[in-house]
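The block underneath contains the structure these notes are about, expressed in structure tokens.
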Amino acid sequence: MVDTAKTPMGVSLDSNSNLISRVSAYGGLCQRAWVEIDLAALGHNVRQLKSILSPQTALMAVVKADAYGHGAVTVARTVLQNGASWLGVATIPEGIELREAGIEAPILILGATHTPEQIRAIAYWKLQPTICTPQQALAFSETLSVSNLTLPVHIKLDTGMSRLGTSWQQAAEFVQLVNTLPNLQIASIYSHLATADSPDPTVMKQQQQRYEDAIAQIKSLGLPSTQLHLANSAAILSSPTLHYDMVRAGLATYGLYPAEHLQRVVELKPVMQVKARVTQVKTITAGTGVSYGYQFVADRDMRLAVVGIGYADGVPRNLSHKMKVAIRGQLVRQVGAITMDQLMLDVSDLPDLQVGEVVTLLGKDGDIQILADDWAASLGTISWEILCSFKHRLPRVAVSH
Ligand SMILES: *Cc1c(COP(=O)(O)O)cnc(C)c1O
1 MVDTAKTPMG VSLDSNSNLI SRVSAYGGLC QRAWVEIDLA ALGHNVRQLK
51 SILSPQTALM AVVKADAYGH GAVTVARTVL QNGASWLGVA TIPEGIELRE
101 AGIEAPILIL GATHTPEQIR AIAYWKLQPT ICTPQQALAF SETLSVSNLT
151 LPVHIKLDTG MSRLGTSWQQ AAEFVQLVNT LPNLQIASIY SHLATADSPD
201 PTVMKQQQQR YEDAIAQIKS LGLPSTQLHL ANSAAILSSP TLHYDMVRAG
251 LATYGLYPAE HLQRVVELKP VMQVKARVTQ VKTITAGTGV SYGYQFVADR
301 DMRLAVVGIG YADGVPRNLS HKMKVAIRGQ LVRQVGAITM DQLMLDVSDL
351 PDLQVGEVVT LLGKDGDIQI LADDWAASLG TISWEILCSF KHRLPRVAVS
401 H
């Protein structure tokens with residue numbers, strides 16, 4: 001049964017659900033907005049990161065939050081093909097999504113899990129939990145022993161992040177307890193850094209010292225040696241002394257630098273590009289208000305382009321009037337409040353602009369490159385948050401530039 005419709009752009013679609021898979025067939029014409037995921041850049045970033053690790057150090061690609069908005073399954077497959085050997089997720093459903101896609105690499109759940117239901121799901125899907133407290137360890141042991149199951153577990157120490165984990169000061173005691181519990185096998189002992197992206201390494205060094213003191217104590221008690229890991233992207237780029245047996249790379253995998261002073265260590269390429277199409281072009285006269293609240297009023301006659309992307313797609317509304325986009329390799333300013341599904345541009349300098357032309361919100365167009373860092377700087381936030389906001393509505397199109 002074919003429900004044929006003719007779109008205003010003259011593209012035949014047999015159903016809405018086929019729209020995404022037909023992007024390439026129709027040259028993407030049927031889409032108002034989309035996210036391009038550059039798998040070549042992703043593979044390049046993983047190989048670059050691997051190149052600064054010793055051969056004994058494993059690379060865990062952190063693919064939580066749908067791989068920072070890039071699409072977890074596609075990203076996971078690509079990073080594993082390029083040298084990552086572990087995957088990190090935040091939640092059980094994120095891990096299950098990867099397993100259901102047939103991905104067999106070890107998956108660490110970085111978040112805390114507690115209930116018998118969660119524990120059984122972790123065991124069933126062969127995920128590996130983080131154990132943060134003695135109570136949690138006991139809960140795991142109890143549920144697993146009922147089913148006669150054994151799980152590799154990863155001990156989390158709090159060395160100064162004040163988030164998950166048992167204080168480094170109680171580390172030996174904690175590890176000793178977990179070690180005596182049946183059905184739990186300690187696979188690694190890890191911690192997380194709070195200030196690795198700061199140019200001032202004082203706190204990071206203090207955390208590392210606490211981590212090493214705790215590990216030394218654990219060893220002195222004759223507890224079994226396990227894998228050690230501490231580094232996020234910033235720490236990976238900061239110093240090889242932070243690499244240990246494994247590193248956990250999130251942001252850098254996606255081609256962005258965690259801080260300006262870490263930019264020269266390896267060459268990373270941004271993986272995500274966000275694009276949309278011009279859906280209408282019009283002329284407005286001087287004095288005409290644009291969008292909700294008339295936050296922008298034209299001070300002269302101008303050409304205005306309407307673009308099919310808005311805050312529900314992941315373009316932060318607080319970027320209204322603050323962002324520039326690229327069309328035909330030229331920077332164009334955004335005007336008026338960004339709305340849920342659409343935004344407007346001042347295209348007075350592009351008088352022959354046509355409906356259907358591509359607007360680059362994030363990414364490269366000719367000599368222009370717009371980075372998530374640029375948006376983050378305008379908004380007073382971090383690039384991590386910008387990437388994560390593109391996850392719900394926009395189709396992702398894999399490309400290899
Ligand atoms: C998210 C996360 C990472 C990755 O951090 P990036 O700064 O994106 O590299 C590493 N470790 C833990 C525990 C995390 O939660």
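When you line the sequence shown up against our numbering, it's residues 1 to 401, in that order.
Ideal placement from N, C-alpha and C gives every residue a C-beta, glycine not left out.
No experiment lies behind these values; they were computed from the predicted model shown.
* So which residues touch the region around ligand 1, with touch meaning a C-beta under 5 Å from any heavy atom? -> Val-62, Leu-110, His-192, Asn-232, Ser-233, Arg-248, Gly-250 and Leu-251
* Cross-strand partners of Arg-303 (DSSP beta bridge) -> Position 303 of the sequence shown, counted from the start, is the residue given in the question as residue 303. Answer by DSSP bridge pairing, in chain order: Thr-283.
* For Leu-394, count neighbouring Cβ atoms within 10 angstroms of its own Cβ and tell me buried if that reaches 16, exposed if not. => For the purposes of this step, residue 394 is identified with residue 394 of the sequence shown, where counting begins at 1. Leu-394 should be labelled buried.
* Would Gln-207 pass as a contact of Thr-159 if the rule is Cβ separation under 8 Å? -> Counting from 1 along the sequence shown, the entry for residue 207 is found at position 207. Counting from 1 along the sequence shown, the entry for residue 159 is found at position 159. The answer is yes: Cβ separation under 8 Å.
* Give the range of the beta strand (DSSP E) segment to which Leu-108 is assigned. => Reading the sequence shown from its first residue, position 108 is the one you call residue 108. Looking at the DSSP string, the run of the beta strand (DSSP E) that includes Leu-108 is 107-112.
* To do: To the nearest angstrom, report how far apart Gln-209 and Asp-38 are at their CA atoms.
  => Taking the first residue of the sequence shown as position 1, residue 209 is located at position 209. Taking the first residue of the sequence shown as position 1, residue 38 is located at position 38. Straight-line Cα distance between these residues: approximately 38 Å.
* Return the Cβ separation of Ser-191 and Gln-227 in integer angstroms, given the expectation that the two are a contact with Cβ distance under 8 Å. => Against the sequence shown, residue 191 aligns to sequence position 191. Against the sequence shown, residue 227 aligns to sequence position 227. Going by Cβ atoms, the distance from Ser-191 to Gln-227 rounds to 13 Å, so no, they are not a contact pair.
* Would the region 85-99 and the region 280-290 be scored as touching if the rule is three or more Cβ pairs under 8 Å? -> no
* Asked: What separation, rounded to the nearest whole angstrom, lies between the Cα atoms of Pro-55 and Pro-240?
  -> Within the sequence shown, numbered from 1, the residue matching residue 55 stands at position 55. Within the sequence shown, numbered from 1, the residue matching residue 240 stands at position 240. Answer to the nearest angstrom: the Cα atoms are 12 Å apart.
* Asked: Which partner residues does Asp-346 have in the DSSP bridge list?
  -> As a first step, residue 346 must be located in the sequence shown, where it is residue number 346. Leu-304 and Arg-333.
* To do: Report yes if the C-beta distance between Ile-305 and Val-278 is below 8 Å; otherwise report no.
  => Counting from 1 along the sequence shown, the entry for residue 305 is found at position 305. Counting from 1 along the sequence shown, the entry for residue 278 is found at position 278. The sequence as given places Ala at residue 305; Ile does not occur at that position. Yes, these two residues count as a Cβ contact at 8 Å.
* Asked: When the cut-off is 8 Å and only beta carbons count, does His-229 lie next to chain C?
  -> You won't find chain C in this structure, because it holds only one protein chain.
* Asked: For Tyr-68, which residues from the same chain have a beta carbon less than 6 Å from its beta carbon, with the 5 sequence-adjacent residues on both sides left out?
  -> Locating residue 68 in the sequence shown gives position 68, where the first residue counts as 1. Within the same chain, Tyr-68 has close Cβ partners Tyr-254, Leu-387 and Cys-388.
* alpha helix (DSSP H) containing Arg-47: first to last residue? -> Counting from one through the sequence shown, the residue named residue 47 turns up at place 47. It spans 39-51 - the alpha helix (DSSP H) in which Arg-47 sits, taken as one unbroken run.
* **Collapsed DSSP secondary structure at Trp-125 in the structure displayed** => By one-based count along the sequence shown, residue 125 stands at place 125. Coil, per DSSP.
* Go to Thr-460, then tell me how far its alpha helix (DSSP H) extends in each direction, as first and last residue. => Residue 460 cannot be examined here, being either before or after the span of the chain that is shown, 1 to 401.
* Can you have a look at Glu-267 and say buried or exposed, based on whether 16 or more other CB atoms are within 10 angstroms of its CB? => One-based indexing of the sequence shown puts residue 267 at position 267. Exposed: under 16 other Cβ atoms inside 10 Å.
* Are the beta-carbon atoms belonging to Leu-413 and Gln-330 less than 8 Å from one another? -> No statement about residue 413 is possible, as the shown extent of the chain runs from 1 to 401 and does not include it.
* **Start and end residues, alpha helix (DSSP H) containing Asp-374** => As a working note, residue 374 is residue 374 in the sequence shown. Segment 372-379, the alpha helix (DSSP H) holding Asp-374.
* Asked: Exposed or buried, what is Gly-250 when buried is set at 16 or more other beta-carbons lying within 10 Å of its beta-carbon?
  -> Here the question's residue 250 lines up with position 250 in the sequence shown. So Gly-250 counts as buried.
* Which word fits Ser-21, buried or exposed, when buried means at least 16 other C-beta atoms lie within 10 angstroms of its C-beta? -> Within the sequence shown, residue 21 is the residue found at index 21, counting from 1. Note that Ser-21 scores 42 on pLDDT, short of 50, meaning its location in the model is unreliable and no value can be drawn from it.
* Please name the residue or residues paired with Gly-88 in a DSSP beta bridge. => The count along the sequence shown starts at 1 and reaches residue 88 at position 88. As DSSP reads the structure, Gly-88 sits in a beta bridge with Val-62 and Leu-108.
* To do: Could you check which residue in Leu-193, Leu-108, Pro-199 and Val-247 has the C-alpha nearest to that of Glu-260?
  => Sequence index remark: in the sequence shown, residue 260 carries index 260 (1-based). Nearest option by C-alpha distance: Pro-199.
* For the beta strand (DSSP E) that contains Ser-188, what are its first and last residues? -> In the sequence shown, counting from the first residue as 1, residue 188 sits at position 188. Note, Ser-188: beta strand (DSSP E), 184-191.
* Asked: Residue ranges of each alpha helix (DSSP H) run of no fewer than 4 residues wholly in the region 216-294, ordered along the chain?
  -> 233-238
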